[in-house]
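Take a look at the structure set out below.
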Amino acid sequence: MRRFLLLYATQKGQAKAIAEEICEKAFAHGFSADLHCISESDKYDLKTETAPLVVVVSTTGTGDPPDTARKFVKEIQDKALPIDFFAHLRYGLLGLGDSEYTYFCNGGKIIDKRLQELGAQHFYDTGHADDCIVSHLCLIVVQI
Ligand SMILES: Cc1cc2nc3c(=O)[nH]c(=O)nc-3n(C[C@H](O)[C@H](O)[C@H](O)COP(=O)(O)O)c2cc1C
C-alpha cells in the first residue's frame, strides 16, 4: 500500500473527524495513512518525511490556528529556517472555517503560506471548507 502522512489540527473535533474519513476513503483506494494530531510531534518528522503530506486544519478565535497547532506554527515560523527547509515535501491542505468570520480559514492559510515559503509544494490545490454553506444547505433542506 502507498503510504502518506495525514495531520489534523482541531479545536472542536471537526478536523479530526474529516481526517479520519480521509483515512478510511484513502484505505479503500489502496493508500495507508499515518494519522496524527499535529501536536504529536514525536510521532512524525516533516524534516525527513518522503511520503506525501495531507493537513486538515480548522480556525478558532479571531483567525487563529487551533490550540493543538500552536507549537507547530511557532516552530515553522522560526525566521532562522532556510527557505528550502521543506523543499522535499509535497502536500495538500484542507482549511476548515466559517465565512461569517472576518478571517476565513485563516488557521489553514497561515500554515499553507509558511509551508510554501519554506519550499513545500502542493500536489493538490488547497481547499477551504465553509461551515456557513453547510448551515445554509441545512436551512434550505429544513424548509423543503
Ligand atoms: C470560537 C470560534 C471561533 C472561530 N473563528 C473562526 C475564524 O476566525 N475564521 C473562520 O474561518 N472560522 C472560524 N470558526 C469556525 C471553525 O473554524 C469551524 O467551525 C470549523 O469547522 C471547526 O473545526 P474544528 O471542530 O476542527 O475546530 C470559529 C469557530 C468557533 C467556535
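In this text, residue positions in the sequence shown follow UniProt numbering: the first is 1, and each later residue adds one.
All residues carry an ideal CB built from backbone N, CA and C; glycine is no exception.
DSSP three-state assignment for residue i, whether helix, strand or coil
| i | result |
| --- | --- |
| Gly127 | strand |
Distance between residue j and residue i (C-alpha atoms, nearest Å)
| i | j | result |
| --- | --- | --- |
| Phe123 | Ala51 | 12 Å |
| Pro65 | Leu6 | 17 Å |
| Ala19 | Gln116 | 22 Å |
| Phe31 | Ala9 | 21 Å |
| Ala17 | Thr59 | 15 Å |
| His128 | Cys105 | 6 Å |
| Val54 | Leu81 | 21 Å |
| Gly119 | Asp78 | 14 Å |
For the UniProt domain "Flavodoxin-like" (4-144), list the alpha helix (DSSP H) runs that are entirely contained and at least 4 residues long, ordered along the chain.
-> Runs found: 14-28, 70-76, 106-117 and 131-143.
Can you find at least 3 beta carbon pairs, one from the region 12-27 and one from the region 71-89, that sit closer than 8 Å?
-> Touching, no.
Spell out a yes or no on whether the region 96-103 and the region 70-80 are touching, meaning 3 or more CB-CB pairs, one atom from each, closer than 8 Å.
-> With the cut-off at 8 Å, the region 96-103 and the region 70-80 do not touch.
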